[in-house]
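> Counting from 3, one number per residue, gives the positions in the sequence shown under the numbering used here.
Every residue gets a Cβ at the ideal spot worked out from N, C-alpha and C, and that includes glycine.
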Amino acid sequence: MLKKALILAAVFAVSGLCAFLFFGLTEKDIVAVNKFSYPTGAEPLTAGDIVVISNSGPPSKLCDTFIDAGGFDDVEAQDVYVNRAKLFMGWFTQVGSKVGIIPDDLTKLSADVGGLAFFGSRSALSLEKAGLEVSQRCKCDMARSFSKGELVCTVNASLIETGEVMTYSDGTATLRPVQRNLGVSLRRHPIFLPEAVFESCGIPYSSEAKIAQQRLCNENGLPTDVRVRDYFNLIDRRPFTEKIELVWEDG
Numbered sequence: 003m004l005k006k007a008l009i010l011a012a013v014f015a016v017s018g019l020c021a022f023l024f025f026g027l028t029e030k031d032i033v034a035v036n037k038f039s040y041p042t043g044a045e046p047l048t049a050g051d052i053v054v055i056s057n058s059g060p061p062s063k064l065c066d067t068f069i070d071a072g073g074f075d076d077v078e079a080q081d082v083y084v085n086r087a088k089l090f091m092g093w094f095t096q097v098g099s100k101v102g103i104i105p106d107d108l109t110k111l112s113a114d115v116g117g118l119a120f121f122g123s124r125s126a127l128s129l130e131k132a133g134l135e136v137s138q139r140c141k142c143d144m145a146r147s148f149s150k151g152e153l154v155c156t157v158n159a160s161l162i163e164t165g166e167v168m169t170y171s172d173g174t175a176t177l178r179p180v181q182r183n184l185g186v187s188l189r190r191h192p193i194f195l196p197e198a199v200f201e202s203c204g205i206p207y208s209s210e211a212k213i214a215q216q217r218l219c220n221e222n223g224l225p226t227d228v229r230v231r232d233y234f235n236l237i238d239r240r241p242f243t244e245k246i247e248l249v250w251e252d253g
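(1) Buried or exposed for Arg190, going by 16 or more other Cβ atoms inside 10 Å?
(2) Check whether the stretch 212-220 and the stretch 21-37 touch, using three or more Cβ-Cβ pairs below 8 Å as the test.
(3) Between the C-alpha atoms of Glu78 and Gly122, what's the straight-line distance to the nearest angstrom?
(4) Who are the near neighbours of Gly165 in its chain, counting only those whose CB is closer than 6 Å to its CB and skipping five residues on each side?
(5) Which residues in the same chain as Pro41 place their Cβ atom closer than 8 Å to its Cβ, once the five residues preceding and following it in sequence are excluded?
(6) By how many angstroms is the C-alpha of Gly204 removed from the C-alpha of Leu218?
(7) Between which two residues does the beta strand (DSSP E) holding Glu163 run?
(8) So, Leu47 versus Ser202, is the Cβ gap smaller than 8 Å?
(9) Leaving out the 5 sequence neighbours to the left and right, which residues in its chain are closer than 6 Å to Val228 when beta-carbon positions are compared?
(10) Return the CA-CA distance between Leu89 and Asp238, expressed in angstroms with no decimal places.
(11) Considering just the uninterrupted stretch of the beta strand (DSSP E) at Lys141, what are its terminal residues?
(12) As a quick exercise: from Ala175, Leu177, Asp172 and Phe194, pick the residue whose alpha carbon is nearest that of Ala145.
(13) Run through DSSP, which three-state label would Arg86 get?
(14) Verify whether the separation of the beta carbon atoms of Ile55 and Leu127 is less than 8 Å.
(15) Do Pro241 and Asp76 have their beta-carbon atoms positioned less than 8 Å apart in this structure?
(16) Kindly indicate the opening and closing residues of the beta strand (DSSP E) around Thr174.
(17) Can you list, in chain order, the residues of its chain with a C-beta nearer than 6 Å to that of Pro192? Leave out the 5 residues immediately preceding and following it.
(18) Which stretch, first to last residue, makes up the beta strand (DSSP E) that contains Ser209?
(19) Thr254: buried (16+ other C-beta within 10 angstroms of its C-beta) or exposed?
(20) For Glu163, does the count of other Cβ atoms within 10 angstroms reach 16, so buried, or fall short, so exposed?
(21) Just reading off the alpha helix (DSSP H) that Asp238 is part of, what are its end residues?
(22) Would DSSP call Ala49 helix, strand or coil?
(23) Between Cys142, Ser39, Leu118 and Asp51, which has its C-alpha nearest Ile69's C-alpha?
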């Protein structure tokens with residue numbers, strides 16, 4: 003009896019782990035499908051921004067850059083994202099229901115495949131070496147971050163979601179557009195600052211700064227379950243106009 007209970011518990015544990023790894027769908031999956039490597043906070047980040055990465059938390063904006071005209075491209079996107087594994091499970095349970103091996107209540111649950119819609123834009127630097135210029139203050143901010151062992155990188159592309167919020171003024175309701183940054187990809191190598199920049203800013207060129215400038219920026223900062231689904235290509239991106247549903251027709 004104890005052996006059966008342990009086996010049943012193991013089956014439930016494995017099933018729960020598989021469901022977590024393979025059947026989930028979050029905004030971070032949208033980030034992964036678009037080949038972005040870091041989820042971000044509420045602050046919109048655009049291509050060319052200088053960001054700092056500490057030991058904890060997402061990249062945060064450090065300073066602006068001056069980009070040459072035509073230095074980056076913006077592409078609007080209206081897509082819906084679905085989990086292929088969940089789609090297959092919905093189809094499988096409906097087939098099982100037809101032949102009488104799967105209960106109808108489980109069929110209805112599995113047929114709810116869900117989906118996440120995305121309205122917004124993808125902005126990216128159009129050239130690998132687009133002309134970027136920064137102010138002296140920005141250089142000192144970067145030197146200060148490097149001296150603390152933090153990583154200073156350039157945003158190569160960003161995924162920005164556009165939505166609407168309802169605001170009221172004098173009894174009148176107005177829809178106001180808002181933007182939220184879902185994720186970014188960074189240039190592979192951090193910004194290099196010569197020792198002379200540290201000296202001009204009065205900041206020590208510490209051993210932490212030397213180590214930080216040798217690290218890479220494009221490490222994957224996404225959760226394990228998201229990386230698993232991305233590795234197996236389980237998340238499908240489709241045009242928003244496409245209807246996503248499972249319907250079984252007799253005949």
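By the coordinates alone:
(1) Arg190 should be labelled exposed.
(2) The stretch 212-220 is not in contact with the stretch 21-37.
(3) Each residue's alpha carbon lies about 6 Å from the other.
(4) The answer, listed in chain order, is Val180.
(5) The answer, listed in chain order, is Glu29, Lys30, Val33, Pro60, Leu184, Gly185, Gly223 and Leu224.
(6) When the Cα atoms are used, Leu218 and Gly204 turn out to be separated by approximately 26 Å.
(7) Boundaries of the beta strand (DSSP E) around Glu163: Leu153 to Ser171.
(8) Going by beta carbons, Leu47 and Ser202 fall outside the 8 Å limit.
(9) Within the same chain, Val228 has close Cβ partners Lys30, Asp31 and Ala34.
(10) Take the alpha-carbon of Leu89 and the one of Asp238: they are about 10 Å apart.
(11) Premise fails: Lys141 lies in the alpha helix (DSSP H), Gln138 to Ser149, not in any beta strand (DSSP E).
(12) Answer by Cα proximity: Phe194.
(13) If DSSP states are grouped into helix, strand and coil, Arg86 belongs with the helices.
(14) No; because the gap between Cβ atoms is not below 8 Å, this pair is not in contact.
(15) By the CB criterion at 8 Å, Asp76 and Pro241 fall outside the cutoff.
(16) Thr174 -> beta strand (DSSP E) spans Thr174 to Leu188.
(17) So the list reads Leu153, Val154, Cys155, Gln215 and Cys219, once near-sequence residues are dropped.
(18) In the DSSP annotation of this structure, Ser209 is not part of any beta strand (DSSP E); the continuous alpha helix (DSSP H) holding it starts and ends at Ser209 to Ala214.
(19) Because residue 254 is not part of the residues shown, which for the chain are 3 to 253, the question remains open.
(20) Glu163 comes out buried.
(21) Counting along the chain, Asp238 sits inside no alpha helix (DSSP H); it lies in the beta strand (DSSP E) bounded by residues Ile237 to Pro241.
(22) Three-state DSSP puts Ala49 in coil, outside helix and strand.
(23) Per the Cα distances, Asp51.
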